[in-house]
Amino acid sequence: MRRAKPFVEPLSEEATRRQVAKLVKEGTLPSLEELSAAVLESRMKYANKIRRARREAERKIAVD
């Protein structure tokens, strides 16, 4: 299965803190409720792909 977009490197702890501070200052930091809704929406949208990837990963695990 081909990925549409490459994975993005996670931000460092310091970069994350700067980004959060910027969002708080601008007043654009989403609430926990908004964030939870977005996560739920994306999980529902991609649930079948997530399950298929997990099944494929289980098959590829080598047991010693």
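Reminder that position 40 of the sequence shown reads as 39 in numbering that gives the first Met the number 0, one-by-one numbering, no gaps. Each residue gets a CB set at the ideal place from its N, CA and C atoms; glycine is no exception.
8 Å Cβ cutoff met for residue i and residue j
i	j	result
residue 31	residue 18	no
Extent of the continuous alpha helix (DSSP H) run through residue i
i	result
residue 31	31-44
residue 13	12-25
Residue i versus residue j - alpha carbon distance
i	j	result
residue 40	residue 53	19 Å
residue 15	residue 49	26 Å
residue 12	residue 28	17 Å
residue 21	residue 47	35 Å
residue 7	residue 24	25 Å
residue 59	residue 44	25 Å
Interface flag, residue i vs chain B, CB-CB below 8 Å
i	result
residue 17	Of the protein chains in this structure there is only one, and it is not chain B.
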